[in-house]
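Notes follow the structure.
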Amino acid sequence: MIAKRTGRLVVLAAGPAAVFLTLGLSCPALAAEGGKAYQIDLAQLNDSGSRGTAMLSIKGNQLTVQIQSEGMVPGQPSAQHLHGSTKGHDFQCPDASDDTNRDGVLSNTEATVDYGDINISLTTSGDTKAASGLAVDRMPVADKQGKLSYKRTITVAQDVVDHIKDLHIVQHGIDRNHNGTYDVQGAGKSELDPKLPQEATAPTNCGMVMGASVGSLPVGGIETGGGAPQSTTMPAGAALAVSAAAAGVVLLARRRIAAARVRTETEGAAA
Numbered sequence: 005m006i007a008k009r010t011g012r013l014v015v016l017a018a019g020p021a022a023v024f025l026t027l028g029l030s031c032p033a034l035a036a037e038g039g040k041a042y043q044i045d046l047a048q049l050n051d052s053g054s055r056g057t058a059m060l061s062i063k064g065n066q067l068t069v070q071i072q073s074e075g076m077v078p079g080q081p082s083a084q085h086l087h088g089s090t091k092g093h094d095f096q097c098p099d100a101s102d103d104t105n106r107d108g109v110l111s112n113t114e115a116t117v118d119y120g121d122i123n124i125s126l127t128t129s130g131d132t133k134a135a136s137g138l139a140v141d142r143m144p145v146a147d148k149q150g151k152l153s154y155k156r157t158i159t160v161a162q163d164v165v166d167h168i169k170d171l172h173i174v175q176h177g178i179d180r181n182h183n184g185t186y187d188v189q190g191a192g193k194s195e196l197d198p199k200l201p202q203e204a205t206a207p208t209n210c211g212m213v214m215g216a217s218v219g220s221l222p223v224g225g226i227e228t229g230g231g232a233p234q235s236t237t238m239p240a241g242a243a244l245a246v247s248a249a250a251a252g253v254v255l256l257a258r259r260r261i262a263a264a265r266v267r268t269e270t271e272g273a274a275a
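Quick note: the sequence shown uses this note's numbering, first residue 5, plus one each step.
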């Protein structure tokens with residue numbers, strides 16, 4: 005089974021800062037005046053069981069990418085990229101309908117119809133060009149528990165800065181036959197490189213920038229449910245202020261509930 009397409013949500017509305025801290029992700033853009041931060045929730049593809057959270061923070065032409073994911077193939081490298089378009093086209097995460105040959109495996113070629121070509125290869129070192137998309141020797145490796153942690157700051161072109169909300173993260177690598185490694189017995193050879201097994205290049209998860217396609221109107225329009233599109237991106241300082249304010253409201257509400265319970269118990273005992 006292949007996971008259904010993920011939805012588009014709000015960029016750093018109240019609460020995500022706490023989410024990043026819980027997952028061990030820092031918020032560098034929130035500390036830099038004029039910076040912006042975008043959250044991405046990674047949802048499984050190919051029934052992989054993989055999931056994660058990523059954060060894109062950008063100031064000027066410096067993009068910091070942080071990813072924490074789990075359910076990856078233990079001890080194996082995971083090719084990962086920013087896919088999509090910097091020309092206003094509306095790409096998104098794939099769903100089961102993209103498995104056109106109905107073999108039960110969503111290949112990268114099939115999924116590219118939805119999530120677009122590689123824009124940036126999220127390597128651990130060296131260049132980040134699209135041509136490095138299969139540079140598995142420079143991709144992060146999951147630990148023995150299948151957890152993967154990644155962080156890198158790279159210089160990007162202005163078109164990436166302008167269309168960062170139109171890009172999204174895809175991680176690759178599945179274990180179709182559950183033997184703990186990538187092999188051709190699991191799903192055959194990769195259509196991208198016959199020297200690689202399909203398991204190594206098939207997508208394991210995908211996530212879109214929350215609030216994607218609201219900042220720049222994509223070709224063909226956007227699905228908004230009616231009404232004019234509204235930008236949901238906040239300056240870093242504003243996002244932090246909203247998050248702090250929301251936390252204060254929650255704390256106050258909890259204190260009031262606790263006080264009400266004490267009064268109720270006291271009155272009950274007196275009766």
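Beta carbons: idealized from backbone N, C-alpha and C, even for Gly.
Remember, predicted model here, so these are calculated numbers, not experimental data.
CB G177 to CB A83, shorter than 8 Å?
Taking a C-beta distance under 8 Å as the contact criterion, G177 and A83 qualify as a contact pair.
Decide if S54 is buried, meaning its Cβ has at least 16 other Cβ atoms within 10 Å, or exposed.
The residue in question, S54, is buried, as its Cβ has 16 or more Cβ neighbours within 10 Å.
Let's test the definition: count the other Cβ atoms within 10 Å of the Cβ of G64 and tell me whether it reaches 16, buried, or not, exposed.
Exposed.
Reference V188; option with closest CA among R180, P201 and N112:
With distances taken between Cα atoms, V188 lies closest to P201.
Give the single residue among G79, G88, A41 and L46 whose Cα lies nearest to the Cα of Q149.
Of the residues G79, G88, A41 and L46, the one whose Cα lies closest to the Cα of Q149 is G79.
For the candidate residues S89, C97 and H93, whose alpha-carbon lies nearest to that of L46?
Measuring C-alpha to C-alpha distances from L46 to each of S89, C97 and H93 identifies C97 as the nearest.
Quick one, which of Q72, D94 and M143 has its alpha-carbon nearest H85's?
Looking at the Cα atoms, M143 is the closest of the given residues.
So, helix, strand or coil for A191, using DSSP?
Secondary structure at A191: helix, using DSSP grouped into helix, strand and coil.
Quick check on DSSP: helix, strand or coil for Y154?
Assigned with DSSP and collapsed to three states, Y154 falls in strand.
Would you check if the distance between the CB atom of I71 and the CB atom of G88 is smaller than 8 Å?
Cβ atoms of I71 and G88: not closer than 8 Å.
Considering Cα atoms alone, identify which of A58, G108 and A161 is closest to I173.
The shortest C-alpha to C-alpha distance from I173 to any of A58, G108 and A161 is the one to A58.
Thinking C-alpha only, which one of P198, K193, Q48 and L60 is nearest Y154?
Nearest C-alpha to Y154: L60.
Pull up the distance between the alpha-carbon of K193 and that of K199, whole angstroms please.
Those two C-alpha atoms are separated by around 7 Å.
CB of N123 within 8 Å of CB of L171, strictly
Cβ distance < 8 Å, so N123 and L171 count as in contact.
For Q162, which of helix, strand or coil comes out of DSSP?
It is helical.
In its own chain, which residues sit with a C-beta less than 6 Å from the C-beta of T205, not counting the 5 before and 5 after it?
Excluding sequence neighbours, T205 sits near N112, H176, S194 and L196.
Report the CB separation of G137 from S125 in whole angstroms; it is logged as a contact under 8 Å.
Rounded, the Cβ-Cβ distance is 5 Å, consistent with contact.
Between T90 and A139, what straight-line distance do the alpha-carbon atoms span, to the nearest angstrom?
Computed Cα separation, rounded: 23 Å.
Taking all protein chains shown into account, do 16 or more other C-beta atoms lie within 10 angstroms of the C-beta of V117, making it buried, or fewer, making it exposed?
Exposed.
Would you kindly report the start and end of the unbroken beta strand (DSSP E) that includes Y42?
Here the beta strand (DSSP E) through Y42 covers K40 to Q48.
Taking only three categories from DSSP, how would you classify K199?
For K199, the secondary structure class from DSSP, reduced to helix, strand or coil, is coil.
Alpha helix (DSSP H) runs contained entirely in the region 70-133, provided each spans 4 or more residues
With a minimum length of 4 residues, the continuous alpha helix (DSSP H) runs that stay inside the region 70-133 are 112-119.
Buried or exposed for G252, please, with buried defined as at least 16 other CB atoms from any protein chain shown within 10 angstroms of its CB.
Unreliable placement is indicated for G252, whose pLDDT of 47 sits below 50; the coordinate value is still reported in the next sentence. So G252 ends up on the exposed side.
Taking only the alpha-carbon atoms, compute the straight-line gap between V160 and Q66 and give it to the nearest angstrom.
It is roughly 6 Å from the alpha-carbon of V160 to the alpha-carbon of Q66.
Looking at the strands, I want to know which residues DSSP matches up with H172.
According to DSSP, H172 bridges with H87 and M212.
Which word fits N183, buried or exposed, when buried means at least 16 other C-beta atoms lie within 10 angstroms of its C-beta?
Only exposed fits N183, as fewer than 16 other CB atoms lie within 10 angstroms of its CB.
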